[in-house]
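Here's the structure, in structure tokens; my notes come after.
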Amino acid sequence: MRKTVIAGNWKMNMTPSAARAFVEELKPLVAGKNGCDIVLCVPYVDIATAAEAAKGSCLHIGAENVHYEASGAYTGEVSSSMLLEAGAEYVIVGHSERRQYFGETDHTVNLRAKAALSAGMKVILCLGELLEARQAGITEEIVSMQTKLDLAGIAEEDLSRLIIAYEPVWAIGTGLTATPEQADEACGIIRRVVASLYSEKAASELTIQYGGSMNEKNAAELLAKENVDGGLIGGASLVPAKFATIVAAAD
Ligand code: PEP
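Under this note's numbering, read the sequence shown as residues 2 to 252, first letter to last.
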């Protein structure tokens with residue numbers, strides 16, 4: 002049995018006071034939804050407030066990125082131990098906006114994933130093809146290559162704390178959603194690569210999310226697909242009622 006995980010990615014939205022109000026509003030809407038894990042990945046400055054507000058509920062808090070060094074002269078960066086102490090259990094690495102606007106490469110994504118895992122965090126590792134790649138018919142090659150590069154050097158025993166989010170870049174924040182069949186196919190490709198890198202057991206136990214304009218209307222049919230084990234949700238995670246509807250679809 003794979004764990005279904007519904008995670009919100011707030012991106013650069015919400016002040017700490019807005020984060021507290023959001024969590025308070027969401028808590029009763031998702032109470033008792035034990036069929037999936039629910040995570041809110043929030044801006045660094047919101048972590049402590051969101052974690053405090055979430056105490057005693059089924060909500061887990063995550064960050065949106067992490068640096069790969071434990072400490073040092075890396076102005077503006079944040080380490081795993083800082084995130085853990087602030088109250089983040091999860092962290093996103095490799096989001097396409099980090100790759101697109103902040104120069105992230107598969108190499109730095111891999112370093113961040115390894116650092117966070119060795120510090121004891123749970124990692125949501127994002128990958129996915131650009132529109133040009135899909136149009137050129139090379140989605141499988143790109144997604145397979147990213148999976149191999151991003152997982153390099155990660156031990157099989159750490160995969161229990163790793164989630165892969167398949168996020169086609171053309172579907173993120175665009176209102177364009179992959180069809181359930183496209184999402185299932187790409188998540189299946191990732192699962193096959195994981196089986197070839199590790200084992201059938203590791204692949205069959207790995208949670209693979211879909212992300213890209215998932216919302217309260219399309220979540221149920223995406224989540225019904227065999228290889229789609231949850232969602233990473235941007236825009237629709239900013240409205241408690243919409244996010245709770247997605248959680249209900251997964252539950
Ligand atoms: C995301 O930020 O990971 C994402 C999928 O965003 P959206 O749901 O807004 O497309």
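A virtual CB, placed ideally from N, CA and C, is assigned to each residue, including glycine. Note that the structure is predicted; figures quoted are calculated from it, not measured.
For the pair G63 and E90, the CB atoms are nearer than the 9 Å cut-off. Annotation: A172 to K12 spans about 16 Å, alpha carbon to alpha carbon. Under the DSSP assignment, G121 falls outside any alpha helix (DSSP H); it carries neither an H nor an E label. Burial of N10 is indicated by the presence of at least 16 other C-beta atoms within 10 angstroms of its C-beta. Counting along the chain, the unbroken alpha helix (DSSP H) around G189 starts and ends at P181 to L198. Distance from I247 to E217 at the Cβ level is roughly 6 Å; contact confirmed, criterion being Cβ atoms closer than 8 Å.
Approximately 15 Å separates the beta-carbon atoms of A237 and C37; this is outside 8 Å, ruling out the contact.
Relative to the ligand PEP, even the nearest heavy atom lies 8 Å or more away from the CB of M13.
Annotated three-state conformation of G236 is helix, per DSSP. By the Cβ test, the region 115 to 126 is not in contact with the region 98 to 105, since fewer than three Cβ pairs between them sit closer than 8 Å. Taking all protein chains shown into account, S214 has 16 or more neighbouring C-beta atoms within 10 Å of its C-beta and is therefore buried.
The C-beta of E98 has 16 or more other C-beta atoms within 10 Å across all chains shown, which makes the residue buried.
Rounded to whole angstroms, A225 and L27 show a C-alpha spacing of 24 Å.
Runs of alpha helix (DSSP H) with 4 or more residues, each lying fully within the region 73 to 135, are found at 81 to 87, 97 to 102 and 107 to 119, listed in chain order. Taken atom to atom, the span from the alpha-carbon of S72 to that of M83 is near 9 Å. Buried is the label assigned to L128, since at least 16 other Cβ atoms lie within 10 Å of its Cβ.
With respect to A8, V31 sits apart: the two C-beta atoms are not nearer than 9 Å.
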